[in-house]
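The working numbering numbers the first residue of the sequence shown as 1 and each following residue consecutively. C-beta atoms are modelled at their ideal positions from N, C-alpha and C, and glycine is treated no differently. Being a predicted model, the structure only gives us computed values, none of them experimental. Have a look at the structure below before the remarks.
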Amino acid sequence: MIEAIEVILCGIGICAVIIVLITALADAVKTRNAEKRERQKQLKTVMELLESISEDLSEMKSILEYK
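In structure tokens, the structure reads:
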């Protein structure tokens, strides 16, 4: 009887460890995805700034060529 209780408690412990590991993995994936989205936003901002700079440089070039 005591051995059966020990086996049941061991099984519950193993299930608890598995649940904790799955939860940790899910949190890691969620964090990674959030970081990826943030990097994509930053990259989009940088690309917009570069496009703006390119337009400004084109305007300056045309002004200099006109003179």
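Item to complete: Could you please give the first and the last residue of the uninterrupted alpha helix (DSSP H) stretch that includes methionine 47?
Response: As a first step, residue 47 is located in the sequence shown; it is residue number 47 there, counting from the start. First-last of the alpha helix (DSSP H) with methionine 47: 2-66.
Worksheet item: Roughly how many whole angstroms lie between the Cα atoms of valine 29 and glycine 11?
Response: Taking the first residue of the sequence shown as 1, we reach residue 29 at position 29. Taking the first residue of the sequence shown as 1, we reach residue 11 at position 11. Near 27 angstroms, if we compare the C-alpha coordinates of glycine 11 and valine 29.
Worksheet item: Cα separation between glutamate 59 and leucine 43?
Response: Locating residue 59 in the sequence shown gives position 59, where the first residue counts as 1. Locating residue 43 in the sequence shown gives position 43, where the first residue counts as 1. About 24 angstroms.
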